[in-house]
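Respectively, the protein sequence lines represent chains A, B and C. Residues 1 to 135 in the numbering used here are what the first sequence spells out, letter by letter. Residues 1 to 135 in the numbering used here are what the second sequence spells out, letter by letter. Residues 1 to 135 in the numbering used here are what the third sequence spells out, letter by letter. Glycine included, each C-beta is placed from N, C-alpha and C at the ideal position.
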Amino acid sequence: MRSDTIRVRTGNRPQVHDLTDECAGFVRGEGDGLLNVFVPHATAGLAVIETGAGSDEDLLLVLDELLPRDDRWVHRHGSPGHGRDHVLPAFVSPSLTVPVIGGRLQLGTWQSICLVDTNLDNAERSVRLSFLPSP
Amino acid sequence: MRSDTIRVRTGNRPQVHDLTDECAGFVRGEGDGLLNVFVPHATAGLAVIETGAGSDEDLLLVLDELLPRDDRWVHRHGSPGHGRDHVLPAFVSPSLTVPVIGGRLQLGTWQSICLVDTNLDNAERSVRLSFLPSP
Amino acid sequence: MRSDTIRVRTGNRPQVHDLTDECAGFVRGEGDGLLNVFVPHATAGLAVIETGAGSDEDLLLVLDELLPRDDRWVHRHGSPGHGRDHVLPAFVSPSLTVPVIGGRLQLGTWQSICLVDTNLDNAERSVRLSFLPSP
């Protein structure tokens, strides 16, 4: 299994960060197998959505509504309402598996692999890419 | 890795479509390994739930409440409120991995693998099944 | 693929039960590969969150809000509002894949693998652990 970690600059604003190019580059030249994308952070997740047409913004807005950045959270530290970032990964999982055939991700036309990072307190994130080839 | 795409007719109403039989048939005769189910569409996801006892209907109802089909969405095209279908995959992921032993899915008694398609504008969907065998 | 089932006592209250030690022990001594954790129950899921700082409690509270234990659910049996437990796995998936390198889970410092079981009617649960090694 080939596995490596990439660094992603997410800044101090909630972000949907497109990782598709990095993922596609990672499996290029490989054969068939499964790509696992894994975020080793407790306040971020991965989503497969269309980017650049408004859905990235829509996702952040609906997350603000479903998991409000207010004072309801028992887990308190960092920015106000940061506790909501700690429940995010229960709904937007930090693990994603994508099939690869002939070194190409089998994504649909409008699908992008995205890091969803609503955390305001960590400007840089790492993401682990692992390719398990077919035996 | 054996990988193939099946076609699913979902019609023009929101649907929870049971794929368990197709998945079970796909791995029959195989040994041990992981089945990856992947939906290459930006407006559908996969859920493992019980079907036929009301939960499929419950899921569509609660999705209408959590992700309302109204005019809040930045991403606008197709049917009114279609933007909600574009954030669905962030919560109901288009990728699912199920363990297989001796050619049998290791699902619990009440679990079914379901395509969740709330999109009204695409009546036919494809789903990719990939079996990665144990080395 | 090495695969085994563990038993977890969850009692008759909603629970976020930390499985990290069992998962880490299961892959210890292995090489590289993917660990799949799978819950063969229709009313529980798996989340990767921080435990012991309040987020486990926060998750149960926000689940009570997003999926209320009231009489809206079509699927009715067992405890009042139990129908909400049946839609939970659509949002908190019963399948989770974690990369393993040199027999070690590649979790971040604050990540724990947790069984999320809001079901009041089943006091004991099983969880399947499967390690697919690199070829």
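Using a CB distance cut-off of 8 Å, T118(C) does not count as an interface residue toward chain A.
DSSP places V16(B) in no alpha helix (DSSP H) but in the uninterrupted beta strand (DSSP E) bounded by 15 to 18. The beta-carbon of P135(B) is placed less than 8 Å from the nearest beta-carbon of chain C.
The region 34 to 52 of chain B makes no contact with the region 2 to 10 of chain C: fewer than 3 CB pairs, one atom from each, lie closer than 8 Å.
Contact between I49(C) and V87(A) is confirmed by a C-beta separation of about 7 Å, below the 8 Å threshold.
Measuring C-alpha to C-alpha distances from D85(A) to each of N36(A), N122(A), P135(A), V27(A) identifies N122(A) as the nearest. Between G45(C) and S93(C), the gap from beta carbon to beta carbon is short of 8 Å. Not flagged as an interface residue toward chain A: I6(C), since no C-beta distance is shorter than 8 Å. At a C-beta separation below 9 Å, G102(B) has no neighbours in chain C, since its nearest C-beta there lies roughly 10 Å away.
Counting only Cβ-Cβ distances below 7 Å, T97(A) has contacts in chain B at N36, S95, T97, in chain order. Where L61(A) is concerned, the enclosing alpha helix (DSSP H) starts and stops at 55 to 66.
Counting only residues of its own chain and dropping the five nearest sequence neighbours on each side, R72(B) has no CB closer than 6 Å to any other CB.
Remark: fewer than three beta-carbon pairs, one from each stretch, lie closer than 8 Å, so the region 123 to 132 of chain A and the region 18 to 27 of chain B are not flagged as touching. Residue-level contact by beta carbon holds for G108(A) and chain B, with a gap shorter than 8 Å. Cβ atoms of V100(A) and D21(A) stay farther apart than 8 Å, at about 15 Å. Following the DSSP letters along the chain, one finds A44(C) inside the beta strand (DSSP E) bounded by residues 44 to 49.
Taking each of H17(B), R9(B), T10(B), R13(B) in turn and checking the Cα distance to L115(B), the smallest one comes out for H17(B). Residue nearest to W110(C) within the set V74(C), A47(C), H82(C) is A47(C) (criterion: CA-CA distance). By DSSP's assignment, E124(B) forms a beta bridge with R9(B).
Straight-line spacing of the CA atoms in L132(C) and L34(C) works out to 5 Å. Following the DSSP letters along the chain, one finds V37(A) inside the beta strand (DSSP E) bounded by residues 33 to 38. Residues are counted here when their Cβ sits less than 7 Å from a Cβ of chain C; for the region 63 to 89 of chain B these are L66, given in chain order. The Cβ atoms of P135(B) and P14(A) lie no closer than 8 Å to each other.
Of the candidates T118(B), H77(B), L67(B), the residue whose Cα lies closest to the Cα of G11(B) is T118(B). Around the CB of H77(A), fewer than 16 other CB atoms lie within 10 Å, so the residue is classed as exposed.
Around L105(B), the same chain offers C23, A24, V27, L35, V98 as residues with beta carbons nearer than 7 Å, after the five sequence neighbours per side are excluded. When DSSP reads this structure, V87(B) sits in no beta bridge, so it has no partner.
When DSSP states are grouped into helix, strand and coil, D21(B) belongs to the helix group.
Contact annotation: A90(B) and L19(A) have beta-carbon atoms that are not nearer than 8 Å. By the CB criterion at 8 Å, L67(C) and L66(A) fall outside the cutoff.
In this model, H75(A) and V8(B) are separated by some 43 Å (Cα to Cα). Take the alpha-carbon of L120(C) and the one of L120(A): they are about 36 Å apart. Here G103(C) has V27, R28, G29, E30, G31 as same chain residues with Cβ atoms under 8 Å from its own Cβ, once five neighbours each way along the sequence are excluded.
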